[in-house]
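Comments concern the structure below.
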Amino acid sequence: MIPFSPPYISEKVIDEVVDSLNSGWITTGPKVRLLEQEIAKYVDVPNVLCVNSWTSGAIMILRWLGLKEGDEVIIPAYTYSATALAVIHAGGTPVMVDSGVDFNMDMNKVEQAITPRTKAIIPVDFAGYPCDYDTLGKVLAKKEVLDIFQPSSEVQKKLGRILNLSDAAHSLGGTYDGVAIGHKADISIFSLHAVKNITTAEGGAIVINMPAPFSNDELYKSLRMMTLNCQTKDAFSKSKGGNWRYDITGLGMKINMADVNAAIGLAQLRDYSKLLGRRKEIFNMYLEGLQKFDWAIAPPMKSEGIESSGHLFPLRIKGVTEDQRDQIIDEITKMGVSVNVHFIPLPMLSYFKGLQYDINDYPMAYRNYVSEISLPIYPQLSNKEVEFIIESVCASYVNCTQSLSKIAAG
Ligand SMILES: *Cc1c(COP(=O)(O)O)cnc(C)c1O
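Residue numbers (this note's numbering): 72 to 481.
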């Protein structure tokens, strides 16, 4: 069986973890700091804060923003549930927007979702392909949009507009306007979860890129404290003897990353240009192998100044129903290939249905979903395996559509 997304664990990764275990310090300390600095260097934004997941990082940022009951945060309907759940945990209401043909949030539909209660927007770089930050930036800077903004916290007053908080869970390694993801939003959060391009088993990295008059250096310090219960001294500095007295300055969270976890990501990031290059090779092999078939709709990879991180390969099959897509997946699985679906649109999940979201309001998200099959894409895949996956997809498509036309013919 070809797995869908196994973690990349090299000897260097193991050595780095063992080094942490042998160092006498396993939780937040020098390795987390090093990982933050390496990610900062990689994306070329000075302040990066590591946390224990994308989800907890997003909740914290929305709490820092001062979200209150009734406040709205715009998100795509087509995303992983965490995007919406973070908003709800922070006390806000998610307002969902439909997708475009590239899977990403349709930025032309954002303006009509904005109300005086809108405090933030969380666009998603689906599959690692950057969303349309230019159009989004223009919408957020429109006079009509700025005029109706009603700040209700110090941070909101200081910002004076809707916060652009990018869900960059997939897009570490992607570029927009020729620069790394992390520059185009006020705050961008990468996920370092086990299935993502770079992992710390569980983890997230918050890129702090607030405009003036915010000081991103100061913000890094205060947000870091907020990840540690708003305690004025972290355990690492207290461990150094004679440095025991501390204070608790506010209601923080406990969402810091541990050094043993950081070690995994640190070793992977050092090899990322090689690993990312291999992802792109595989992406291109899929494009070459599949684009000759008129039933295969390839995902976007590149356009002017924009490049995907190749996190997923979300293939779409032209003209199939949800049932047919499910049958094709069953066939591919029988041939020994694990595939997946990204994502079930949020309004189709019980919890969100219960909150009165209706999939009929998001027709493009639904259309993208019914025909979507995510193929395995990770650096350890051999060319032979990629070829076998392409053959399995083609054979499954033919088998399913033929047997279906037989059924239809009676
Ligand atoms: C994985 C993922 C998340 C959540 O990341 P965690 O680190 O597991 O909290 C959020 N948004 C998207 C789009 C994701 O794919």
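For every residue, glycine included, the Cβ atom is placed at its ideal position computed from N, Cα and C.
Residue i, buried or exposed, once every other Cβ within 10 Å from all chains shown has been counted against 16
i: Trp-315; result: exposed
i: Gly-29; result: In this structure the chain extends from 72 to 481, so residue 29 is not present and cannot be described.
i: Tyr-422; result: exposed
i: Lys-102; result: buried
i: Lys-255; result: buried
i: Pro-416; result: buried
i: Ile-85; result: exposed
i: Ala-212; result: exposed
i: Pro-434; result: exposed
i: Thr-484; result: Outside the shown range of the chain (72 to 481) lies residue 484, about which nothing can therefore be said.
i: Thr-303; result: exposed
i: Leu-217; result: exposed
i: Asn-327; result: buried
i: Ile-233; result: buried
i: Glu-378; result: buried
i: Ile-482; result: Outside the displayed range of the chain (72 to 481) lies residue 482, so it cannot be described from this structure.
i: Gly-95; result: exposed
i: Glu-443; result: buried
i: Asn-123; result: buried
i: Asn-179; result: exposed
i: Asn-61; result: Here the chain covers residues 72 to 481 and nothing more, so residue 61 does not appear.
i: Asp-196; result: buried
i: Gly-407; result: exposed
i: Ser-380; result: buried
i: Lys-532; result: Residue 532 falls outside the range modelled here, since the chain spans only 72 to 481, and no answer is possible.
i: Asp-305; result: buried
Rounded Cβ spacing between residue i and residue j (contact assumed at less than 8 Å)
i: Ala-263; j: Gly-253; result: Before going on, a small fix: residue 263 reads as Leu here, not Ala. No, Leu-263 and Gly-253 are not in contact; Cβ-Cβ is about 14 Å, not under 8 Å.
i: Leu-299; j: Gly-321; result: In fact, because the Cβ distance is near 11 Å, the residues do not count as touching under 8 Å.
i: Pro-418; j: Ile-430; result: 4 Å
i: Ala-334; j: Val-88; result: 5 Å
i: Met-167; j: Pro-194; result: No, Met-167 and Pro-194 are not in contact; Cβ-Cβ is about 12 Å, not under 8 Å.
i: Asp-142; j: Arg-104; result: Going by Cβ atoms, the distance from Asp-142 to Arg-104 rounds to 33 Å, so no, they are not a contact pair.
i: Met-297; j: Trp-135; result: 7 Å
i: Val-457; j: Ile-353; result: 6 Å
i: Gly-376; j: Asp-257; result: Contact flag wrong, Cβ pair sits at about 20 Å.
i: Gly-137; j: Val-226; result: 5 Å
i: Ile-80; j: Asp-330; result: Actually they do not touch by this definition, with Cβ atoms about 17 Å apart.
i: Asp-169; j: Ala-436; result: 6 Å
i: Val-181; j: Ile-145; result: 6 Å
Between the CA atoms of residue j and residue i - distance to the nearest angstrom
i: Leu-207; j: Asn-175; result: 12 Å
i: Ile-110; j: Asn-454; result: 30 Å
i: Asp-288; j: Ser-224; result: 21 Å
i: Asn-93; j: Ser-237; result: 37 Å
i: Val-412; j: Val-210; result: 31 Å
i: Cys-202; j: Ser-91; result: 37 Å
i: Leu-386; j: Leu-446; result: 7 Å
i: Thr-150; j: Ile-260; result: 14 Å
i: Ala-153; j: Leu-294; result: 20 Å
i: Tyr-200; j: Leu-452; result: 21 Å
i: Tyr-449; j: Gly-171; result: 26 Å
i: Pro-371; j: Gln-473; result: 29 Å
i: Ile-73; j: Phe-384; result: 15 Å
i: Tyr-317; j: Pro-78; result: 39 Å
i: Lys-424; j: Ile-159; result: 14 Å
i: Leu-337; j: Leu-120; result: 14 Å
i: His-241; j: Gly-313; result: 43 Å
i: Cys-471; j: Ser-286; result: 57 Å
i: Asp-177; j: Pro-165; result: 16 Å
i: Asn-48; j: Thr-271; result: Missing from the structure shown is residue 48; the chain here goes from 72 to 481 and no further.
i: Pro-222; j: Gly-231; result: 7 Å
i: Glu-359; j: Glu-140; result: 50 Å
i: Leu-133; j: Lys-190; result: 9 Å
i: Lys-325; j: Gln-362; result: 47 Å
i: His-382; j: Ser-467; result: 24 Å
i: Thr-246; j: Ser-409; result: 29 Å
i: Gln-427; j: Glu-462; result: 42 Å
i: Glu-107; j: Ile-319; result: 24 Å
i: Lys-373; j: Lys-292; result: 36 Å
i: Arg-350; j: Tyr-357; result: 11 Å
i: Gln-398; j: Asn-235; result: 39 Å
Distance cut-off 7 Å: residue i Cβ against heavy atoms of ligand 3
i: Gly-312; result: This structure lacks ligand 3; the ligands present are ligand 1.
What does the shell around ligand 1 hold, if a residue joins when its beta-carbon is under 6 Å from any heavy atom? Ordered along the chain, residues surrounding ligand 1 are Ser-124, Trp-125, Thr-126, Thr-150, Tyr-151, Ala-153, Thr-154, Val-195, Asp-238, Ala-240, His-241, Ser-262, His-264, Gly-275 [Cβ under 6 Å from any heavy atom].
Indicate whether the contact test is met: 3 or more Cβ pairs, each with one atom in the stretch 113-131 and one in the stretch 276-283, closer than 8 Å. With the rule of 3 Cβ pairs closer than 8 Å, the stretch 113-131 counts as touching the stretch 276-283.
Report yes or no: do three or more beta-carbon pairs, one from the stretch 383-398 and one from the stretch 354-369, lie closer than 8 Å? The stretch 383-398 makes contact with the stretch 354-369; the number of CB pairs closer than 8 Å reaches 3 or more.
Quick test of the definition: if touching needs 3 or more C-beta pairs under 8 Å, does the stretch 337-346 touch the stretch 116-125? As far as the Cβ criterion goes, the stretch 337-346 does not touch the stretch 116-125, which means the pair count is below three.
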